[in-house]
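Enquirer: Numbering (UniProt numbering), first residue to last: 1 to 145. Questions regarding the structure given below will be posed in turn.
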């Protein structure tokens, strides 16, 4: 766990409302990538997919949901994806949240997320080096209210 007390830029964000997430935060890291089933479970937070898995963290439905006690917009960086959740649907273009690629490749519209939205990525600088294209694990960032 890391308590990051720094503040970060707000000029290259998906939506200006997310400037509230650019201040102090708690980061939790590990060396495992999220699998497809993990992303699905996180995105369908009201319907726990782990109830039947006795060995799984979050089997009682309290795992990731507990982060909403301290943040409104959890961020998850895993492998080559950064997901920013917006359960209050404050972002105009991406109600509920969105995914950005850590890879320096243009998407279908020619946008390279890592460059266009660099301030989102800078918030992970305590664990994710600017020169890296892939994060070797998972980092969960909980911007403090």
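Glycine included, each C-beta is placed from N, C-alpha and C at the ideal position.
What span of residues does the beta strand (DSSP E) with residue 101 cover, start to end?
Expert: 96-101
Enquirer: Which term fits residue 44, buried or exposed, when burial requires 16 or more other beta carbons within 10 angstroms of its beta carbon?
Expert: exposed
Enquirer: Spell out the partners DSSP gives residue 85 in its beta bridges.
Expert: The partner list for residue 85 (beta bridge, DSSP) reads 97.
Enquirer: Report the rounded CA-to-CA distance for residue 100 versus residue 28, giving the unit in angstroms.
Expert: Between the alpha carbons of residue 100 and residue 28 lies a distance of about 19 Å.
Enquirer: Alpha carbon to alpha carbon, how far is residue 31 from residue 116?
Expert: Rounded to whole angstroms, residue 31 and residue 116 show a C-alpha spacing of 27 Å.
Enquirer: Which term fits residue 93, buried or exposed, when burial requires 16 or more other beta carbons within 10 angstroms of its beta carbon?
Expert: exposed
Enquirer: Can you tell me the Cβ-Cβ gap for residue 141 and residue 128, rounded? I've got them flagged as a contact below 8 Å.
Expert: No, residue 141 and residue 128 are not in contact; Cβ-Cβ is about 10 Å, not under 8 Å.
Enquirer: Tell me which residue opens and which closes the beta strand (DSSP E) that residue 4 is part of.
Expert: 2-4
Enquirer: For residue 114, count neighbouring Cβ atoms within 10 angstroms of its own Cβ and tell me buried if that reaches 16, exposed if not.
Expert: buried
Enquirer: By the three-class DSSP mapping on this structure, what secondary structure does residue 68 have?
Expert: helix
Enquirer: Does the separation of the CB atoms of residue 1 and residue 122 fall below 8 Å?
Expert: no
Enquirer: Throw me the rounded Cβ distance for the residue 135 and residue 77 pair, which I believe falls under 8 Å.
Expert: 5 Å
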